[in-house]
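Residue numbers (the UniProt record's numbering), protein chains in the order written: chain G, 1 to 335; chain E, 1 to 628. We put the beta carbon where it would ideally sit given N, CA and C, even for glycine.
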Amino acid sequence: MKRKMRGRGVAASWYGIARTATIDRAGAWAELDDGGTAKVLTGVTEIGEGILTLLSQVAAEELGVKPEQVTIGDNDTARSPEAAHAGATRQTYMIGNSVALACREAKARLFDEIAQAWEVPVEDLRSFDGFLWAESTNKRITMEEAVALCKKRGVVPVGSGSFTAHGTGLDPVDGHGSPWQAYVFGTQVAEVEVDTITGEVQVLGIWAAHDVGRAINPRGVEGQIEGGVVQGLGQALMEDYQTSEGHPVTHGFAKYILPTSLDVPQINSVIVEDPDPLSPLGAKGIGEPSLIPTAPAVMNAIYDAIGARIRDLPATPERVLAALHEKRRADAQTA
Amino acid sequence: MPELELDLTVNGRRITRHVDPSYRLLDLLRDDLALTGTKEGCGAGECGTCSVFVDGKLFKSCLMPASKAQGTTIETIEGLSRPGELTPVQRAFHKTGASQCGYCIPGMVMAATSALRENPAAGIEEIKERMGGNICRCTGYTKIFEAVEIARDVIAGTLPETALNPELTKTSYIGHNTRRLDAPSKVSGRLKYAGDMEMQGMLHMQVLRSPHAHARISRIDTSKAEALPGVHCVITCDDVPGEDGFGVFVHDQPIMARGKVRHVGEAVAAVAADTVRIAREATKLIAVEYEPLPGLYDPEEALRPGAPVIHDYAADNVVKHIPLRKGDIETGFAAAELIIEERFSTQQVEHAYLEPEAGIAYVDHDDVVTVISPSQNITHHRHMLSTIIDKPINKVRFIMSPVGGGFGGKEDMIYQGMLALSAMKSGRPVRLVFTREESIMASAKRHPSRTSYRMGLTKEGRITAVEFSMLSDGGAYGMSSEGVMRKAAILSCGPYEVENIKVDTTVVYTNNTPSGAFRTFGGMQAQFATESMMDMAAEKLGLDPFEIRRRNMMKAGSRTHTQQTLNSASIDRVLEAAETASRWEAGPPNVRGANRSDLDGPDTRQPCTLGARFNEARHQIEKAKVAS
């Protein structure tokens, strides 16, 4: 066997969107504000996934303004409607859709007033990127002017939205039930190089194909895939929280080893869009699912490279060497 | 305490300060100069969030005593550009989406700036190496590398500055790479996380934690701590006015240990004082008498008859068991032509968000108890806190501060209750910032798991039956364990249609660090086992790994493991997309790595061999040798 052995492996996966085996819900308020800007209030803030940007895109699209003209209110139980927790791959699906619904209501208020003022059918009105116009006419104004006109008529264009995902509980005996209304699927291929003397595994490439429903911000989706893959790689190869009789042994980053810039493979993301038919946006989610296939794809690739199966994570150099030793012993016995 | 006089230049301004001699450069910058863009992630020089320039060289400011900064010139993230302006490196980070939670980003920007100052022509290998001392937990580094390469080329003039501009759209903002709204505040260090916030009259909290994994508490004497000058209040479980107990599914955890401790690092008492130092001194004056109890450190031992009981309500130590039954596995295994039996295990994993837990609590003018913290679930936390402090819901307010990484680890209300109680007792705002060690020992982890797997298949590779049993260590408290077991069970057998299944997932209490919510919530542990089994089966049957997955994959109309009928299933599309993108060479997974033709493509990186940053010097030496 050469010192450096390469191999490839694949793993598939699936995941459910939003809270599990229960009815999930989220609320939002929206207002088309002076200057053609917009306010959106929802019980959520950024945990890093990009939700604020995504919500500004959704609000901009629904209202007809620019994303940078949207202000998202802080997450505050005393000031904003319930949107519940930032987890369960539910932010895009639950909050995104409730914001879309709230914006639709606010826009409908505005459009009703403009349609009456212009004496055109409301169905002919359109708005995008800071302008509002009536199809097949030369009537076109800025959103700033539109909001001013609406307010002059005595109406503040506000709206609220509530979005529901209908999951059901599991039967306590056989577990039957419909835990989610939307599912996503993913597949990753890993290419590794195993050093058969040191046992070190380097992941050189990952090809990650994930269904996200609809990619509202493709670059943001890629960021979630890349982050999930590298957390999956950490779990596959190095991360290991250990205790001894309950006492933490790996109590700092000197002992708890995390992936750094030198461990990262080239990550090739492929975004697949299978829109969700049950929600206004059609988007599903990507936060958690991106992590799942990485570790098994890497273990399958290690097997392809050296013929040793790692069943216990993480595949540290010590474990890889032990598995190689075991394989050589077994090969010698059968020979 | 004697004070140290320092005279140095920070971001172009001469600074003279008298500081505590125990100060690190990081403390001077953050606490004295309010330059909170420099973050503390670990306090041990391991993560790089506190990176600054000292006399032009990149330094980790948590490792440098403030006294060593005498006479130096310091540049922090705030000094890189004037307010409202961004450097090309910062603009490139904005452009590529290189910041997610943003907590590591000021340090990352400093490291990237350093790399390009050291070598404006640095190649990607050198950039990676020069940034190797900075940890990012969110991004997977990829967009950061992209940003640094763009910035390098813009600075060098080989890429026009317009490369940093936003992408335009004429049709729709859905599907558009809108730049992150929060990026300018993150790349410039302006965003305030909970630990960066201050309030008038704010006190500092420190927590006394259990040194025992399992022990009865016979007495807590706080009198000496309360008598220490500068201490405003000491709290224990006796200060809880309402019904004590929190948890995501079962409220089995008291705000502070009540009667006994169940894991090392569990909060026992807390002090609010004028300074962190006084609060820490005071925790050492709290006398706690423990009677050690036999501990449980292995999930299988937890199930043995006669095992120590961790929680009285659960005499069998079982937090939750989730069963799934579909079809009849005996029939399924009888029809199988190949049966594979294997065991798998996964380890306990730390979230390692770069922002340690932090928060501020205060009681406002309307008697509303308010907690600002990076909580991932303020809605549930306010419900629980209102019961714990016995106040109506509208007198409890949770504000979610920017979260410096969560991944599920900030769903548990492990410190917000202590903050609320001390704010109520002292009448002052109180802030708590965890150390990295505290964060690691007190917060939940990914559940470690042990899975027994039995799979039956036909010669054609169709799965006829699966028997799947997973045992997880939930540690000392329930936290999200119940939900994690449920999700692990639902997803267990993967995206495959299996007629006959018997799935059991069980989680037990032990005296280990608690396990809780972590990105995938049990899905990863279960599917690691399933996807390993699929490849083992494919090898035995001589099938390509994509092919065996296609032969079993779910389709529209398939019944899931919980007997839900799917309206659609995109597994066929993602399999094909990955197969095509990776230029996969078909064949069974029988150790053909050495003979594959699809390896080492342009879409892979080169193996890492350290030393890229010396390449230029090496090149110069070689040239000099040739010349001589």
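Can you find a C-beta in chain E that's less than 7 Å from the C-beta of residue i?
i, result
"N97/G", "no"
"I267/G", "yes"
"M5/G", "yes"
"T260/G", "yes"
"M299/G", "yes"
"T164/G", "no"
"E61/G", "yes"
"T22/G", "no"
"W14/G", "yes"
"G159/G", "no"
"H85/G", "yes"
"R219/G", "yes"
In chain order, what residues of the same chain lie with their CB nearer than 6 Å to the CB of residue i, ignoring the 5 residues before and after it?
i, result
"P308/E", "P294 and L296"
Could you tell me which residues DSSP pairs with residue i in its beta bridges?
i, result
"P323/E", "D504/E"
"K4/G", "D195/G"
"Q91/G", "Q91/G pairs with nothing; no bridge assigned."
"V363/E", "V369/E"
"I271/G", "H210/G"
"Y496/E", "M553/E"
"V261/E", "A215/E"
"A358/E", "V433/E"
"D76/G", "I399/E"
"E75/E", "F53/E"
"I339/E", "G456/E"
Within its chain, find whatever has a CB closer than 7 Å to the CB of residue i; leave out the 5 residues flanking it on each side and keep chain order.
i, result
"T178/E", "none"
"residue 385/G", "The requested residue 385/G is not part of the displayed model; chain G covers only 1 to 335."
"S452/E", "R343 and S469"
"V264/G", "V230"
"T562/E", "L324 and I490"
Is there at least one Cβ from chain G nearer than 7 Å to residue i's Cβ?
i, result
"I174/E", "yes"
"E411/E", "yes"
"V403/E", "yes"
"Y297/E", "yes"
"S532/E", "yes"
"Q416/E", "no"
"Q348/E", "yes"
"T562/E", "yes"
I'd like to know whether the C-beta atoms of residue i and residue j end up nearer to each other than 7 Å.
i, j, result
"G37/E", "P106/E", "yes"
"L281/G", "A108/G", "no"
"L457/E", "L338/E", "yes"
"I47/G", "A86/G", "yes"
"S64/G", "S127/G", "This sequence places Gly at residue 64/G; Ser is not what is there. Result yes, Cβ atoms of G64/G and S127/G sit closer than 7 Å."
"A270/E", "I217/E", "no"
"L110/G", "G73/G", "no"
"V221/G", "I286/G", "yes"
"M205/E", "V430/E", "yes"
"V70/G", "A115/G", "no"
"A283/G", "T92/G", "yes"
"Y509/E", "I310/E", "yes"
"P589/E", "G542/E", "no"
"V189/G", "A578/E", "yes"
Locate the alpha helix (DSSP H) running through residue i, then write down its first and last residues.
i, result
"M533/E", "G523 to L541"
"Q224/G", "P218 to L237"
"V148/E", "T142 to A156"
"G483/E", "S481 to L491"
Specify, as a first and last residue, the run of the beta strand (DSSP E) that residue i falls within.
i, result
"W118/G", "No beta strand (DSSP E) contains W118/G, which is instead part of the alpha helix (DSSP H) from N97 to W118."
"L432/E", "V430 to V433"
"Y453/E", "S449 to L457"
"residue 633/E", "In the structure as shown, chain E begins at 1 and stops at 628. Residue 633/E is therefore absent and cannot be evaluated."
"L132/G", "F131 to A134"
"Y290/E", "A287 to P292"
Can you name, in chain order, every residue of its own chain whose Cβ lies under 8 Å from the Cβ of residue i, other than the five neighbours on each side?
i, result
"Q57/G", "P67, I216 and N217"
"I310/G", "M299, I302, Y303, R319, V320 and A323"
Is residue i a contact residue of the ligand FMN, with contact defined as CB to any heavy atom under 6 Å?
i, result
"E266/E", "This structure does not include the ligand FMN; it has no bound ligands of any sort."
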